[in-house]
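**Q** Going letter by letter, the sequence shown gives residues 985 to 1858 in my numbering.
Let me give you the structure first, and then I'll get to my questions.
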Amino acid sequence: MKKEIDLQVIYIEEGADLDAFSSAFGLTLINPDAKIIKPHALSPTVRLTINRFSEILKDKLLTKKDLKDQKIKKLYVVDTSNLKKILKLLDKNLDYGTEIVVYDHHPPKKLSGFNIKYNILKTGSATTIIVKELQKLKIEVKPEEATLLILGIYEDTGSFTYNITTPEDLKAAAFLLEKGAKLETIKTILERRIDEKQINIVQQLIENIQYFPVKNKKIIISVAYSKEYIPDISAHLHLIKPFQEVDAFFAIINASGKISIIGRSKSKEINVGKILSYLGGGGHYSAGSAMIKGMTTQEIKSYLENILIGEFYRDQKISNIMYRNVIKVKKSEKLKNITEIIKKVPVIFVINDEGKFEGIAITKVLRESLRHGVGDISIENFVIDNVVTFEEKMPVAEAEKYLINSSQDYFPVLKKGYPVGIVSRTYLLKVIHGQVFDFEKDIFITRERIKPKFLNYTERLRSQIPKDIYEELVKIGKLAKKLNFRAYLVGGIVRDIVMKRKNLDIDIIIEGDAIELCKKYAEEYNYKFHYFEEFMTAQIITDKGLKIDFATARKEIYEYPGAYPKVKKASLREDLYRRDFTINTLSIEITEDNFGTLIDYFNGLRDIKDKVIRILHQLSFIEDPVRILRAVRFAGRFGFKIGKLTERLLRLSVDEKLLLAAPTGRINSELTYIFNEDRATEIIALMNKYKILHQLIPEFVFDDKREEILNRLRDMIVTFEIFFKHKVDRVSNYLLSLMYHLPLEISYQILERYHFSNGKELFKKFFEIKYKFTKIPEKNSELYEMIKNIGKDLLVFLTSYLPVDVSERIIYILRKEEERKLLISGNDLKELGLKPSPEFRKILDEIFLKYIDGEIKNRKEALEYLKNKYKFKN
Ligand code: ATP
Ligand code: MG
């Protein structure tokens, strides 16, 4: 570890020029122990130089990764514009002992509080300063080394033509020439700055400039096309004058479908790194990039524009994004008088006589109530008045807080107590996260142009589905054909057929009209059926009690921000496109004329084969954050990994706390599914990995203890279900294993928030008895006394929670208790001549206690013991 103590490094900035690099190299001649930290971003000439001089640069370069947390003993900083920033970046690596040496030809701002030595000389290049030092110290310079050094001087002085050039620069160059520096190398490196292909791209970028004003900022988006990938374009973008003049620009370069985007920004308010991270790229606010396949340039352009609009909205007031045309109804109004109005909107505002806001009413509830014939009741009876409301002047960004803390779907907007508008949760989320987009077009689609695959699955279907279901599918297919519809088996069941797993959830999508088909189907075979007009879904229950779900292929359309999504008929493909992951988008056609054809629109088959969970488009998690939980559930259940881009977007969505804004009821059902999965423990580990649990549970830690408890809990659930025939309340047990560290009141709050109030009982009991187990008695009989009145569910947790030896004893006792009747029974006592009495119980207990303590080993000994003890009583 001696190396760590002696670490000496030379630091140059990201994207540093050749002068900085040559200077850094010169320093390695002065101090051979010092290494250059290679920036991630290389200017083109530096890149060329590193390639050309790889031989003499060997062992002189380190990457930022190599640094890690190691302390630097001596730090050289060369030719920097912002010393303070560098020291901040290296914060972890510096301490009071670090010696810092600065070389520069522009006087930097001096900093106090550090041990810094400044070597400043006003020369044309920084390399000149280093060369002077080499001369002074009489250090030998070889021809190759001289060439590398002279490059820096040439570049920074514009081959001695810039005004800043000093006699010192020429002297230094003269010295290097004497040492054998080769002038032709200078020519090849410095003059290959921009080649023809790059010029072509730059030209296109100039021609295609489009200004895109948002806020008070000017932004350029421009595109260029080429056959092949052309490196180093980014270094030339600053040559484009209009690019220099705007606050930010995005250059989109499409090389035969492989698209790179380069973004630069001068304004902190336009964070190009973040904007490009939504496209799978990254960077910081001032510079970012992304590489994308499978989207067109136009799509990327509109995506960028939409994000920028979103960024713009963030600073807007709520009044600028709300929907104004809201419906207000006086609270005294009778329900029957507003039957038409409530068909149109999801919520209405209830006002008093002065027109002031009293609350909202959910029209779904009103419609439902009307159906039950309560039209004479006044609206007053349906008012929900404890809703979160916004003031119209509130900034959009501030509204985010409310989103997270409430599960409301719609937020009324008020002005001095009068209702003036409404915004929906989904719309607000999209605005805040920069995605205002057209639902109808769904334009940011990476999987849009995948060619669909068709496979013959007739045999698989026949062999893998129970016969009675198969026969129904055939019947449905025949009927669909007759009605001129198309019918498809979709969802989890198709995925599971492909994976050869069992699944009996039958979901069918009809291109056409599901309700009409079900009506006919039910009529023809005399099956029961019910339907939901609004959602275009129906369910059949066959004479054998088999349930089959139907839905018309549909998509959801938002007519205006905050509107109720309208369900519209659509193609199968559009319907599948709304789904969560590619593996869930497979379908098998069952229409008679194409029965058994598997259709794969979005590469679901490939992803099953590769064992990976992938979303269908970039906005998936934003559209529905519950998918975060579903992603880990499927990954854990199948042992799949989460795709790279999907993982990145998942993490981003967790960071953005989107889950906290999801409806708590849906979180409840997903968690319930998760805890009931066989591989719940693995899923929980994933939830930990992605910091999902940390969001749902305050002060969550996944320490060794919890990990052990979870692993044991998995085993205990099996033990109790198999050996003790007890249906374990897995949900409560897992919840407890995740929250036993919290004070009871806090756990209660979380349980209530996510509608797990049933679980409180187990928590309460655990906290009541847990202190008793700080001291464990030696004798099994005494341990039995402690546990005999504890319910099985709590025992499941206790045996996972207590030390292993104690829980093994508890399990031993419980198993003996199971066999208790075999040992000795009331009948045995009767046979021995004892009269049935309450005494019986006591005697039996006594025998059992001796049995678990090992004092009585079997039935024979038990009977003997009884005879000895009770013989003279009779
Ligand atoms: P399981 O085996 O757990 O039942 P499943 O895939 O059938 O898995 P379900 O929850 O039954 O999952 O949902 C049925 C189908 O509906 C899924 O295959 C999925 O395509 C779709 N789906 C469910 N939830 C979502 C969601 N949040 N977003 C998009 N699609 C969803
Ligand atoms: Mg299912």
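C-beta atoms are modelled at their ideal positions from N, C-alpha and C, and glycine is treated no differently.
Would you say S1571 and V1482 are within 8 Å of each other, going by their C-beta atoms?
**A** Taking the first residue of the sequence shown as position 1, residue 1571 is located at position 587. Taking the first residue of the sequence shown as position 1, residue 1482 is located at position 498. Contact: no.
**Q** Would you report the Cα separation of I1753 and K1689, rounded to the nearest angstrom?
**A** Residue 1753 sits at position 769 when you count from the first residue of the sequence shown. Residue 1689 sits at position 705 when you count from the first residue of the sequence shown. Their backbone Cα atoms lie some 20 Å apart in a straight line.
**Q** What are the start and end residues of the alpha helix (DSSP H) that includes E1631?
**A** Translated into positions along the sequence shown, residue 1631 becomes position 647. First-last of the alpha helix (DSSP H) with E1631: K1628 to D1639.
**Q** Is there at least one non-hydrogen atom of the ligand ATP closer than 7 Å to the beta-carbon of G1247?
**A** For the purposes of this step, residue 1247 is identified with residue 263 of the sequence shown, where counting begins at 1. For the ligand ATP, not one heavy atom lies less than 7 Å from the Cβ of G1247.
**Q** Helix, strand or coil for K1872? Go by DSSP, reduced to three states.
**A** Beyond the ends of the chain as shown, which are 985 and 1858, falls residue 1872; an answer cannot be given.
**Q** Quick one: grab the DSSP three-state call for K1860.
**A** Past the edges of the chain, shown from 985 to 1858, lies residue 1860, and the structure says nothing about it.
**Q** With three or more beta-carbon pairs closer than 8 Å as the criterion, would you say the region 1517-1535 touches the region 1561-1578?
**A** Counting Cβ pairs under 8 Å, fewer than three are found: no touch.
**Q** Hey, quick one: how far does the beta strand (DSSP E) through Y1515 stretch, first residue to last?
**A** Within the sequence shown, residue 1515 is the residue found at index 531, counting from 1. First-last of the beta strand (DSSP E) with Y1515: K1512 to F1516.
**Q** With distance defined between alpha-carbon atoms, name the residue in D1088, F1751, A1208 and S1038 nearest to Y1060.
**A** To locate residue 1060, count along the sequence shown from 1; it is residue 76. That would be D1088, whose Cα lies nearest to the Cα of Y1060.
**Q** Using the Cβ count rule (16 or more neighbours within 10 Å means buried), how would you classify P1761?
**A** What you label residue 1761 is simply residue 777 of the sequence shown in a count that begins at 1. Exposed, because fewer than 16 other Cβ atoms sit within 10 Å of the Cβ of P1761.
**Q** May I ask whether a heavy atom of the ligand ATP can be found less than 7 Å away from the beta carbon of R1563?
**A** By one-based count along the sequence shown, residue 1563 stands at place 579. Yes, the beta carbon of R1563 sits closer than 7 Å to at least one heavy atom of the ligand ATP.
**Q** CB-CB under 8 Å to R1031, same chain, minus the five flanking residues each way: which ones, in chain order?
**A** In the sequence shown, the residue the question calls residue 1031 occupies position 47. Excluding sequence neighbours, R1031 sits near D1216.
**Q** Residues bridged to Y1060 by DSSP?
**A** One-based indexing of the sequence shown puts residue 1060 at position 76. DSSP, once it has assigned bridges, lists I994 and V1085 as partnering Y1060.
**Q** Per DSSP, what kind of secondary structure is I1681 in: helix, strand or coil?
**A** Looking up residue 1681 in the sequence shown gives position 697. Coil, per DSSP.
**Q** From T1150 to T1107, what distance separates their C-alpha atoms?
**A** Reading the sequence shown from its first residue, position 166 is the one you call residue 1150. Reading the sequence shown from its first residue, position 123 is the one you call residue 1107. One C-alpha to the other measures close to 6 Å.
**Q** Closer than 6 Å by C-beta to K1181: which residues in its own chain qualify, once you throw out the five before and the five after it? Chain order, please.
**A** Along the sequence shown, one-based indexing puts residue 1181 at 197. Counting only Cβ-Cβ distances below 6 Å, and skipping sequence neighbours, we find I1214.
**Q** Leaving out the 5 sequence neighbours to the left and right, which residues in its chain are closer than 6 Å to M1671 when beta-carbon positions are compared?
**A** In the sequence shown, residue 1671 corresponds to position 687, counting from 1. For M1671, where only same-chain residues beyond five positions count, the Cβ hits under 6 Å are V1616 and L1677.
**Q** Measure the CB-CB distance between E1654 and R1614 and report whether it falls below 8 Å.
**A** On the sequence shown, position 670 is the one that residue 1654 refers to. On the sequence shown, position 630 is the one that residue 1614 refers to. Against a cut-off of 8 Å, the Cβ pair of R1614 and E1654 comes out as a contact.
**Q** Would you kindly check if the distance between the Cβ of D1369 and the Cβ of E1338 is under 8 Å?
**A** Counting from one through the sequence shown, the residue named residue 1338 turns up at place 354. Counting from one through the sequence shown, the residue named residue 1369 turns up at place 385. For E1338 and D1369, no; Cβs fall outside 8 Å.
**Q** Spatial neighbours of E1845 within its chain, please: C-beta separation below 8 Å, excluding the five flanking residues on both sides.
**A** For this step, residue 1845 is matched to residue 861 along the sequence shown. Nothing listed; no residue qualifies.
**Q** Tell me whether the region 1725-1736 and the region 1797-1812 touch, counting them as touching only if at least three CB pairs, one residue from each stretch, are closer than 8 Å.
**A** These segments do not touch.
**Q** Look at F1516 and V1551 and say whether their C-beta atoms are less than 8 Å apart.
**A** Within the sequence shown, residue 1516 is the residue found at index 532, counting from 1. Within the sequence shown, residue 1551 is the residue found at index 567, counting from 1. Their beta carbons are not under 8 Å apart, which means F1516 does not touch V1551 by this criterion.
**Q** List the endpoints of the continuous alpha helix (DSSP H) containing V1474.
**A** For the purposes of this step, residue 1474 is taken as the residue at position 490 of the sequence shown. No alpha helix (DSSP H) holds V1474; the beta strand (DSSP E) holding it covers R1470 to V1474.
**Q** In whole angstroms, what is the alpha-carbon distance linking E1839 and L1818?
**A** Taking the sequence shown and counting its residues from 1, the one referred to as residue 1839 is at position 855. Taking the sequence shown and counting its residues from 1, the one referred to as residue 1818 is at position 834. Roughly 23 Å between the two C-alpha positions.
**Q** What's the C-alpha gap between G1418 and I1224?
**A** One-based indexing of the sequence shown puts residue 1418 at position 434. One-based indexing of the sequence shown puts residue 1224 at position 240. Residue confidence is low: G1418 scores 49 on pLDDT, short of 50, so the model does not pin down where it sits. No coordinate-derived value is stated.
**Q** What did DSSP end up calling K1744 once you bin it into helix, strand or coil?
**A** As a working mapping, residue 1744 is identified with position 760 in the sequence shown. K1744 falls in the helix class under three-state DSSP.
**Q** Would you tell me roughly how many angstroms separate the C-alpha atoms of T1347 and K1327, rounded to the nearest one?
**A** Position 363 of the sequence shown holds residue 1347. Position 343 of the sequence shown holds residue 1327. Going from the Cα of T1347 to the Cα of K1327 covers about 7 Å.
**Q** Is the region 1636-1645 close to the region 1374-1390, with three or more CB pairs under 8 Å?
**A** Flag = yes, the region 1636-1645 and the region 1374-1390 touch.
**Q** Let's test the definition: count the other Cβ atoms within 10 Å of the Cβ of P1822 and tell me whether it reaches 16, buried, or not, exposed.
**A** Position 838 of the sequence shown holds residue 1822. Its Cβ having fewer than 16 others within 10 Å, P1822 is exposed.
**Q** Roughly how many angstroms lie between the CA atoms of H1090 and K1120, to the nearest whole one?
**A** Numbered from its first residue, the sequence shown carries residue 1090 at position 106. Numbered from its first residue, the sequence shown carries residue 1120 at position 136. Answer to the nearest angstrom: the Cα atoms are 22 Å apart.
**Q** Could you check which residue in P1379, E1317 and V1407 has the C-alpha nearest to that of N1365?
**A** For the purposes of this step, residue 1365 is taken as residue 381 along the sequence shown, with counting starting at 1. It is E1317 whose Cα lies nearest to the Cα of N1365.
**Q** Beta-carbon separation of S1637 and I1612 under 8 Å?
**A** Looking up residue 1637 in the sequence shown gives position 653. Looking up residue 1612 in the sequence shown gives position 628. Yes. Within cutoff.
**Q** Given this structure, state the Cα-to-Cα distance separating Y1394 from E1352, to the nearest angstrom.
**A** Looking up residue 1394 in the sequence shown gives position 410. Looking up residue 1352 in the sequence shown gives position 368. Straight-line Cα distance between these residues: approximately 19 Å.
**Q** Could you tell me which whole alpha helix (DSSP H) segments of length 4 or greater appear in the region 1718-1782?
**A** You should have 1728-1737, 1744-1753 and 1764-1771.
**Q** Kindly indicate which three-state DSSP category R1308 falls into: helix, strand or coil?
**A** Here residue 1308 refers to the residue found at position 324 when the sequence shown is read from its first residue. R1308: coil per DSSP, three-state reduction.
**Q** So, for K1058: in the same chain, excluding its five sequence neighbours on each side, which residues have a beta-carbon less than 6 Å away from its beta-carbon?
**A** Position 74 of the sequence shown, counted from the first residue, corresponds to residue 1058. If we look at K1058 and ignore the five residues flanking it on each side, its Cβ neighbours are Q992 and E1083.
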